[in-house]
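Colleague: In the UniProt record's numbering, the protein residues as written are 1 to 110. Built from N, CA and C at the ideal position, the CB exists for glycine as well. For clarity, every value in this text was computed on a predicted model and none was experimentally measured. Questions regarding the structure given below will be posed in turn.
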């Protein structure tokens with residue numbers, strides 16, 4: 001029996017643009033695949049369904065909140081959905097995390 005991992009299902013969804021691959025990835029991961037949720041959010045955004053995109057990004061960020069690109073995408077989707085407060089939260093968190101990554105990447109002189 002062929003076993004297909006969550007990541008492989010997401011990759012298949014990327015290649016085929018088939019949301020059912022991401023949905024199956026979420027199912028086999030017991031609702032724990034942040035990547036599949038981000039992919040569904042991106043697909044919804046590309047269709048112009050900004051409210052669904054915002055919801056899926058929120059669910060993905062609940063699983064992995066240290067992903068600055070996810071926060072930026074949430075800000076973008078929320079802004080398109082006319083949810084200015086959520087957009088502000090998303091963009092603010094993205095800037096904070098990008099700043100933290102930059103600070104952590106600086107080498108400390110001896």
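1. In terms of residue numbering, what span does the alpha helix (DSSP H) encompassing residue 37 cover?
2. Using a Cβ-Cβ cut-off of 7 angstroms (strictly less than) and excluding sequence neighbours within five positions of residue 90, which residues of its own chain qualify?
3. DSSP three-state call for residue 5: helix, strand or coil?
4. Span of the alpha helix (DSSP H) holding residue 106?
5. Go ahead and pull the three-state DSSP assignment for residue 81.
Modeller: Taking the coordinates as given:
1. Element bounds for residue 37: 34 to 47.
2. Closer than 7 angstroms at the Cβ level, and outside the excluded window around residue 90, lie 71, 72, 74, 75, 78.
3. Assigned with DSSP and collapsed to three states, residue 5 falls in coil, not helix or strand.
4. According to the DSSP assignment, residue 106 belongs to no alpha helix (DSSP H), since it is labelled neither H nor E.
5. It is coil, neither helix nor strand.
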